[in-house]
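Let me begin by presenting the structure, written as structure tokens, before commenting on it.
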Amino acid sequence: MSYEYIIVEKYDRVGLIKLDRPEALNALCVGLIGELGKAVADLEADDSIGCLVVTGSEKAFAAGADIKEMVDKDFQTVYREDFITDDWEVLANTRKPVIAAVAGYALGGGCEVAMMCDFIIAADNAKFGQPEITIGTIPGAGGTQRLTRLVGKAKAMDMCLTGRMMDAEEAERSGLVSRIVPVDSLIEEALAAAKKIAGYSLPATMIAKEAVDRAYEVSLSEGLRFERRTFHSTFALEDRREGMMAFIEKRKANWKHR
Ligand code: CAA
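Remember, my numbering sits 87 above the position in the sequence shown when you count from 1.
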């Protein structure tokens, strides 16, 4: 399927989605968000895919929601549409692992989309920010919530109230990104991480993701209980036995469910 605003490629068991609206620094217009939702749903349903990577260009992951589309909207419209609509949350609702590979600007909705992914690999030129305050509004796709959980109140308040950008070093120090790589090798590094993940048993990676995500929703005791029970559930997987047998027999695991 061909798209107008994104490019989808498959590398072995990895689905790569590249945001491709260079004339607007990948601003997240309704069309782009719709295509992103469709591509993610297709890759999620595709049994040959075990991990997704979302990326942009070297200059911009995405410079935010499309300001030109928003400028004339009124309260009645955004309230009735429930804008930013649930279409935006598609990445957050994905059950397969998703990596954001971020180079250049990840601002406003761009930073928010990156934070919906399971982790962010940043190029050394990446810049993160929630600059909505500079255009008279506030983040609307999780910026005040996910950013605060990831980097804490002090940094989140600083970002949302001043609108300043954070470079890759600060983002890594603050816990927003998992690692920094040279911009020239961003895709290669992200694909290598994704291939590693996609090479494991898919139910195991999905269960691991689900368990980590619970940490953001429930108390520690409930989270630990959830973890214990889902850990137990892995004992129902053929791949759990295969993984342990492969270790004991000093051979590579031959996963059945990928
Ligand atoms: N929406 C629409 N168009 C955008 C855009 C956006 N968010 N960001 C950039 N563009 C467009 C520019 O209008 C420009 O188009 P024209 O050539 O037609 O004028 C083109 O992309 C290139 O942008 P610049 O000329 O501004 O490029 P630059 O290198 O000088 O600056 C930038 C780069 C600092 C990222 C700057 O473009 C910028 O500040 N963009 C807006 C960032 C922003 O405020 N994002 C938050 C949006 S609101 C939001 O996201 C709400 C939410 O929570 C969902």
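For glycine and all other residues, C-beta sits at the position ideal for the given N, C-alpha and C.
Since we're looking at a predicted model, the values are computed, not measured.
Where DSSP assigns a beta bridge to residue i, which residues make up the other side?
| i | result |
| --- | --- |
| Y192 | A147 and K214 |
| L115 | A152 |
| T142 | K105 and A188 |
| E96 | L103 |
| V268 | A210 |
| D254 | K214 |
Below 7 Å, is the gap between the Cβ of residue i and the nearest heavy atom of the ligand CAA?
| i | result |
| --- | --- |
| D153 | yes |
| T221 | yes |
| I349 | As displayed, the chain neither begins before 88 nor continues past 345, which places residue 349 out of reach and without an answer. |
| G124 | no |
| Y166 | no |
| Y92 | no |
| G230 | yes |
| E199 | yes |
| G195 | yes |
| P218 | yes |
Let me confirm a value: residue i is counted as buried when at least 16 other C-beta atoms fall within 10 Å, else exposed. Which label applies?
| i | result |
| --- | --- |
| Q163 | exposed |
| A132 | exposed |
| E219 | buried |
| F148 | buried |
| P290 | buried |
| M88 | exposed |
| S306 | exposed |
Just confirm the distance between the C-beta atoms of residue i and residue j, as a whole number of angstroms; I'd bet it's less than 8 Å.
| i | j | result |
| --- | --- | --- |
| V264 | A209 | 4 Å |
| E91 | G118 | 6 Å |
| G197 | A150 | 6 Å |
| I222 | I154 | 6 Å |
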